[in-house]
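Structure record follows, encoded as structure tokens.
Number of protein chains: 2
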Amino acid sequence: MEETAPRKGTVTQRGIERIKAMIAEGGLAPGQRLPTERDLAAQLGMSRSSMREAIRALTVLGVLEARHGSGIYVTRLEAADLLETFGVVADLSRGRRLVELLEVRRVLESTATALAAARITPDRLAEVGRRLAAMNATDDPEEILAHDLAFHREIAAAAGNETMAAILDGLSSRTLRARVWRGYQEEDAFARTRREHAAIHRALVARDPEAARAAAAAHVGEVEEWLRARTAG
Amino acid sequence: MEETAPRKGTVTQRGIERIKAMIAEGGLAPGQRLPTERDLAAQLGMSRSSMREAIRALTVLGVLEARHGSGIYVTRLEAADLLETFGVVADLSRGRRLVELLEVRRVLESTATALAAARITPDRLAEVGRRLAAMNATDDPEEILAHDLAFHREIAAAAGNETMAAILDGLSSRTLRARVWRGYQEEDAFARTRREHAAIHRALVARDPEAARAAAAAHVGEVEEWLRARTAG
DNA sequence: CGAGCACACATGGTCGGACCACTTCCGTCG
DNA sequence: CGACGGAAGTGGTCCGACCATGTGTGCTCG
Chain A
705 MEETAPRKGT VTQRGIERIK AMIAEGGLAP GQRLPTERDL AAQLGMSRSS
755 MREAIRALTV LGVLEARHGS GIYVTRLEAA DLLETFGVVA DLSRGRRLVE
805 LLEVRRVLES TATALAAARI TPDRLAEVGR RLAAMNATDD PEEILAHDLA
855 FHREIAAAAG NETMAAILDG LSSRTLRARV WRGYQEEDAF ARTRREHAAI
905 HRALVARDPE AARAAAAAHV GEVEEWLRAR TAG
Chain B
705 MEETAPRKGT VTQRGIERIK AMIAEGGLAP GQRLPTERDL AAQLGMSRSS
755 MREAIRALTV LGVLEARHGS GIYVTRLEAA DLLETFGVVA DLSRGRRLVE
805 LLEVRRVLES TATALAAARI TPDRLAEVGR RLAAMNATDD PEEILAHDLA
855 FHREIAAAAG NETMAAILDG LSSRTLRARV WRGYQEEDAF ARTRREHAAI
905 HRALVARDPE AARAAAAAHV GEVEEWLRAR TAG
């Protein structure tokens, strides 16, 4: 009996660890349904309240998914599920850390774009082209932002590394982008942005990884430099 | 009255969003203490149970910190706090995604090492050297692992990008490392690893960013390739 | 008068139960 | 045979009580 009580921190914390361990050790497969909250609580010897807190914690981490009236399920455990919380980091970042996040994005985005240049399929490349055209065809900031996000998302997906794509997605969360770009694009950066996007697209069409890497790095680097100056000043 | 009820999903979810918003909008500064659970629940018009779940969720995300008997506080909101959850991703990753994580690490680690070559201070460089020596002076896998982690951590810190360092930390969580390296080092990879670490250190001493980048990429790439072969086969 | 200690209080942690909201499934009725 | 409706199951919310721990206060003793 004493083995069920590792006496580690709070009861809820123990619940989190136990469930995480079950998944890590293969006892719970992706998509599988868990016992009910009541049963789980009984199994691990804790109250339903504490178990609910544990479940809620794993839910926000993208590990579990609770469906009202149906049950609790393990998510697919794909990169996109687990890295959703990355958006929180981006949303809560200010000043210096925002610049650091953009530096990370520059490194990853340039690599992803280079990989995409070598691997992208004609279909996806066409979609990237459509996004570019749509972006240049409107003046509505909201619409531009949406196409911009899709443009980079397609490229990241084409790189063939879902984990990297998911991280980049978090680093370009809609709210973050809206926050940073509001100021950036006010300084008539539209023309420059269009030129940079065109350069990226051109490199992809030419299947030139080095050019793609450089174009992507320059693109993110522009925003990075602007933000750096704005933060320091 | 209706403005306090955005009618968004569950009550708990609303609580999470509200607190997050307070922090994002500057109403709650890092390190600041929040009202008590009971007061917060009353303010946002929900039960203490639901509020507790919201607080627990933000606690695991590294946004809040609950101190028993004292109160609830906003964390320092540093990169290390918010990116702690990255370790969960690493711990729950298997097969293909593990390779992808290592690919991300290779990209970031090589960049961080290159930056470190240009920026590292003599003190920190000396510490890196000590870790290298300690790593080569023992045969205890546990001790080697500890020094190995510290070796890379020092370098990442020297790169001057705390966010990048925190991500790399998550990508090299102790449990992940133990899992992957157990198999890797069984294949007498000790000698190769030592050579690679020495090469990285040499590049840092020479203040040669390009050599540092190449050495770090090769180092991580070795493990990556081994894991890729092992996963595919 | 000052230092140290013990107690009371505030606060987060846990528990149990009750009820609500939604989903699912099965039996019934047309 | 199909559609409808209800019953059971399950997560969501709320309440109230009590426990465990940290904090501050006021008392006591030197």
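Protein chains in written order, with the numbering used here: chain A, 705 to 937; chain B, 705 to 937. C-beta atoms are modelled at their ideal positions from N, C-alpha and C, and glycine is treated no differently.
Item to complete: State the beta-bridge partners of Gly-775(A) as determined by DSSP.
Response: Position 71 of the first sequence holds residue 775(A). Answer is Arg-771(A).
Item to complete: Provide the residue span of the alpha helix (DSSP H) that contains Pro-739(A), from first to last.
Response: Translated into positions along the first sequence, residue 739(A) becomes position 35. Note, Pro-739(A): premise wrong, no alpha helix (DSSP H); not H, not E.
Practice prompt. Please determine if the region 911-931 of chain A and the region 719-734 of chain B are in contact, where contact requires at least 3 C-beta pairs separated by less than 8 angstroms.
Written response: No, the region 911-931 of chain A is not in contact with the region 719-734 of chain B.
Item to complete: List the residues of chain A that Met-755(B) touches, going by C-beta distances under 9 angstroms, in chain order.
Response: Here the question's residue 755(B) lines up with position 51 in the second sequence. Within chain A, no C-beta atom comes nearer than 9 angstroms to that of Met-755(B); the closest sits roughly 11 angstroms away.
Worksheet item: Pairing CB atoms from the region 864-882 of chain A with CB atoms from the region 897-914 of chain A, are three or more of them under 8 angstroms?
Response: The answer is no - the region 897-914 of chain A does not touch the region 864-882 of chain A, with fewer than three Cβ pairs under 8 angstroms.
Fill in: Separation of Arg-737(B) from Gly-731(B), as counted between CA atoms
Working through the second sequence from its first residue, we reach residue 731(B) at position 27. Working through the second sequence from its first residue, we reach residue 737(B) at position 33. Taking C-alpha positions only, Gly-731(B) is separated from Arg-737(B) by approximately 11 angstroms.
Worksheet item: Which residues in chain B sit within 8 angstroms of Asn-865(A), going by Cβ to Cβ distance?
Response: Taking the first sequence and counting its residues from 1, one reaches residue 865(A) at position 161. Neighbours of Asn-865(A) on chain B, chain order: Glu-804, Glu-807 and Val-808.
Worksheet item: Roughly how many whole angstroms lie between the Cα atoms of Glu-788(B) and Gly-775(B)?
Response: Sequence index remark: in the second sequence, residue 788(B) carries index 84 (1-based). Sequence index remark: in the second sequence, residue 775(B) carries index 71 (1-based). Cα atoms of Glu-788(B) and Gly-775(B): separation of roughly 22 angstroms, rounded to the nearest angstrom.
Worksheet entry | Bounding residues of the alpha helix (DSSP H) (the contiguous stretch that carries Arg-722(B)) | Within the second sequence, the letter at position 18 stands for residue 722(B). Boundaries of the alpha helix (DSSP H) around Arg-722(B): 715-728.
Worksheet item: Hey, out of Glu-831(A), Ala-783(A), Leu-806(A) and Asp-852(A), whose CA is closest to Asn-840(A)'s CA?
Response: Your numbering for residue 840(A) matches position 136 in the first sequence. Per the Cα distances, Asp-852(A).
Worksheet item: Under three-state DSSP, which class holds Arg-780(B)?
Response: In the second sequence, the residue the question calls residue 780(B) occupies position 76. Three-state result, Arg-780(B): coil.
Discussion item. I believe Ser-877(A) touches Ala-794(A) by the beta-carbon criterion, under 8 angstroms. Please report the beta-carbon distance rounded to the nearest angstrom.
Written reply: Within the first sequence, residue 877(A) is the residue found at index 173, counting from 1. Within the first sequence, residue 794(A) is the residue found at index 90, counting from 1. Right, the Cβ-Cβ distance comes to about 5 angstroms (below 8 angstroms), so this counts as a contact.
Item to complete: Helix, strand or coil for Ser-751(A), going by three-state DSSP, please let me know.
Response: Mapped onto the first sequence, residue 751(A) falls at position 47. Annotated three-state conformation of Ser-751(A) is coil, per DSSP.
Worksheet item: When DSSP labels each residue in this structure, what does Gly-833(B) get in the three-state scheme?
Response: By 1-based counting over the second sequence, the position of residue 833(B) is 129. Helix at Gly-833(B).
Discussion item. In whole angstroms, give me the CA-to-CA distance for Val-924(B) and Arg-810(B).
Written reply: Your numbering for residue 924(B) matches position 220 in the second sequence. Your numbering for residue 810(B) matches position 106 in the second sequence. Answer to the nearest angstrom: the Cα atoms are 5 angstroms apart.
Worksheet item: Rounded to whole angstroms, how far is the Cβ of Ala-746(B) from the Cβ of Ile-720(B), which I believe are closer than 8 angstroms?
Response: For the purposes of this step, residue 746(B) is taken as residue 42 along the second sequence, with counting starting at 1. For the purposes of this step, residue 720(B) is taken as residue 16 along the second sequence, with counting starting at 1. About 17 angstroms separates the CB atoms of Ala-746(B) and Ile-720(B); that is not less than 8 angstroms, and the two are not in contact.
Worksheet entry | Proximal residues of chain B, C-beta to C-beta of Ala-784(A) below 8 angstroms | Within the first sequence, the letter at position 80 stands for residue 784(A). Within 8 angstroms Cβ-Cβ: nothing; Ala-784(A) doesn't reach chain B, min ~11 angstroms.
Discussion item. I need the straight-line Cα distance from Lys-712(A) to Thr-879(B), nearest angstrom please.
Written reply: Locating residue 712(A) in the first sequence gives position 8, counting from the first residue. Locating residue 879(B) in the second sequence gives position 175, counting from the first residue. Between Lys-712(A) and Thr-879(B), the alpha-carbon positions lie close to 18 angstroms from each other.
Worksheet item: Mind checking Glu-858(B): buried by the 16 CB within 10 Å criterion, or exposed?
Response: Here residue 858(B) refers to the residue found at position 154 of the second sequence. By the neighbour-count definition (other C-beta atoms within 10 Å, threshold 16), Glu-858(B) is a buried residue.
Worksheet item: At a cut of 8 angstroms, does the region 822-837 of chain B reach the region 822-831 of chain A through at least three beta carbon pairs?
Response: Fewer than three Cβ pairs drawn from the region 822-837 of chain B and the region 822-831 of chain A lie within less than 8 angstroms of each other, which leaves the two stretches out of contact.
Worksheet item: Exposed or buried, what is Gly-735(A) when buried is set at 16 or more other beta-carbons lying within 10 Å of its beta-carbon?
Response: The residue you call residue 735(A) lines up with position 31 of the first sequence. Burial call: exposed.
Fill in: Per-residue contacts from Ile-871(A) into chain B (C-beta, under 9 angstroms)
Start at 1 with the first residue of the first sequence, and residue 871(A) comes out as number 167. Close partners of Ile-871(A) in chain B (Cβ separation under 9 angstroms): Val-808 and Ile-871.
Worksheet item: Where do the N-terminal and C-terminal ends of the alpha helix (DSSP H) with Gly-864(A) fall, by residue?
Response: As a working note, residue 864(A) is residue 160 in the first sequence. Counting along the chain, Gly-864(A) falls outside any alpha helix (DSSP H), and DSSP gives it neither H nor E.
Worksheet item: Val-958(A) touches chain B at which residues, Cβ-Cβ below 8 angstroms?
Response: With chain A covering 705 to 937 only, the question about residue 958(A) has no answer from this structure.
Worksheet item: Ordered along the chain, which non-local residues of its own chain (more than five positions away) have a Cβ less than 6 angstroms from that of Leu-786(A)?
Response: Counted from its first residue, the first sequence places residue 786(A) at position 82. The beta carbon of Leu-786(A) sits closer than 6 angstroms to those of Gly-766, all from its chain and outside the five residues before and after it, given in chain order.
Discussion item. Against Arg-760(B), what residues of chain A qualify as contacts under a CB-to-CB distance less than 7 angstroms, listed in chain order?
Written reply: What you label residue 760(B) is simply residue 56 of the second sequence in a count that begins at 1. Among the residues of chain A, those whose CB is under 7 angstroms from the CB of Arg-760(B) are Thr-716, Glu-757, Arg-760 and Ala-761, following chain order.
Worksheet item: Based on Cα-Cα distance, which residue from Ser-751(A), Val-927(A) and Arg-911(A) lies nearest to Arg-896(A)?
Response: Taking the first sequence and counting its residues from 1, one reaches residue 896(A) at position 192. Measuring C-alpha to C-alpha distances from Arg-896(A) to each of Ser-751(A), Val-927(A) and Arg-911(A) identifies Val-927(A) as the nearest.
Worksheet item: With 9 angstroms set as the bound, which would you pick, yes or no: does the beta-carbon of Ser-797(B) sit closer than that to a beta-carbon of chain A?
Response: In the second sequence, counting from the first residue as 1, residue 797(B) sits at position 93. Judged by the 9 angstroms Cβ criterion, Ser-797(B) is in contact with chain A.
Worksheet item: Just the Cα atoms here: how many angstroms apart are Arg-801(B) and Leu-875(B)?
Response: Counting from one through the second sequence, the residue named residue 801(B) turns up at place 97. Counting from one through the second sequence, the residue named residue 875(B) turns up at place 171. C-alpha separation (whole angstroms): 12 angstroms.
Practice prompt. Give a yes or no on whether the minimum CB-CB distance between Lys-724(B) and chain A is below 9 angstroms.
Written response: For the purposes of this step, residue 724(B) is identified with residue 20 of the second sequence, where counting begins at 1. So yes, Lys-724(B) belongs to the interface.
Practice prompt. With DSSP as the reference, label Gly-731(A) as helix, strand or coil.
Written response: Along the first sequence, one-based indexing puts residue 731(A) at 27. Under the three-state reduction of DSSP, Gly-731(A) is assigned to coil, being neither helix nor strand.
Item to complete: Using alpha carbons as the reference points, say which of Ala-863(A), Ala-733(A), Ala-936(A) and Arg-883(A) lies closest to Leu-829(A).
Response: Numbered from its first residue, the first sequence carries residue 829(A) at position 125. When each option's Cα is compared against that of Leu-829(A), the closest is Ala-863(A).
Worksheet entry | Interfacial residues, the region 727-743 of chain B to chain A, with Cβ spacing under 7 angstroms | Against chain A - using a Cβ distance shorter than 7 angstroms - the residues of the region 727-743 of chain B are Ile-727 and Ala-728.
Fill in: Residue-level contact to chain B via CB, Arg-896(A), 9 angstroms cutoff
In the first sequence, the residue the question calls residue 896(A) occupies position 192. No, Arg-896(A) lies away from the interface with chain B (no Cβ there is under 9 angstroms from its Cβ).
Discussion item. With a threshold of 9 angstroms between beta-carbons, can Leu-812(A) be considered close to chain B, or not?
Written reply: The residue given as residue 812(A) occupies position 108 in the first sequence. Interface residue, yes.
Worksheet item: Can you give the Cα-Cα distance for Ala-758(B) and Thr-716(B), rounded to whole angstroms?
Response: Looking up residue 758(B) in the second sequence gives position 54. Looking up residue 716(B) in the second sequence gives position 12. Their backbone Cα atoms lie some 5 angstroms apart in a straight line.
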